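K.L.:
Numbering (the numbering used here), first residue to last: 402 to 544.
Even glycine gets a Cβ: it sits at the ideal position worked out from N, Cα and C.
Owing to the predicted nature of the structure, the values given are computational and were not obtained by experimental measurement.
Have a look at the structure that comes next, please.
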Amino acid sequence: MAYNVGKKTCTKCKEEKQITCFASDKNTPDGLTYQCRDCKRAYDRKNRHRFFNRKRQASRVWRKNHPEQSLANTQAQRAKNPDAYKAHGKVSTAKRDGKLSVPASCETCGQADKLEGHHYNYDKPLKVTWLCVKCHNAVHLKG
């Protein structure tokens, strides 16, 4: 695929930027996206909720149609993060055995929806902060 040499103007922010600021897109004439990476990222974050269910359904279909690759991906992720995998297992076991209880509401916002355990340190697997899905995702986005 041939790339233009030089600069390109983002259709969103109207700034002229280096072509390295644009992602590749085989469906466009020049092989680059119309929006710069920063504008595209901001759009995706703002509209993430609109695409969530569609992406989730597509993922389910893909996993159903590619069970071997799905299993291989899961195994690779577990091999890459063994401490996280072990900590999650210990939390599940402790919950099942009654040694760890889930509070009634999120520790950050107080919402009483489905709660997820968040580990700040995998070396202390039973030290868990219980967060709603929205707060848990926010913690992971902050890094």
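(1) Suppose you measure from the CA of Glu517 to the CA of Thr410; what does that come to, to the nearest Å?
(2) Give the straight-line distance between the Cα atoms of Ala480 and Lys487, rounded to the nearest whole angstrom.
(3) Can you tell me whether DSSP reads Val540 as helix, strand or coil?
(4) What do you reckon, are the CB atoms on Lys515 and Val492 nearer than 9 Å?
(5) Would you decide whether Leu472 is buried or exposed? Buried here means 16 or more other CB atoms lie within 10 Å of its CB.
(6) Assign Val529 to buried or exposed, taking buried as 16 or more other Cβ atoms, counted over all protein chains shown, within 10 Å of its Cβ.
(7) How would you label Gln532, buried or exposed, when you count the other beta carbons within 10 angstroms and need 16 or more for buried?
(8) Count the other CB atoms within 10 Å of the CB of Pro526; is the residue buried (16 or more) or exposed (fewer)?
(9) Going by Cα to Cα distance, which pick from Asp439, Lys441, Ala443, Ile420 is closest to Gly432?
P.N.:
According to the structure data:
(1) 43 Å
(2) 11 Å
(3) helix
(4) no
(5) Exposed, because fewer than 16 other Cβ atoms sit within 10 Å of the Cβ of Leu472.
(6) buried
(7) Checking the displayed sequence, the identity of residue 532 turns out to be Leu instead of Gln. Leu532 is classed as buried because its beta carbon has at least 16 other beta carbons within 10 Å across all chains shown.
(8) buried
(9) Ile420
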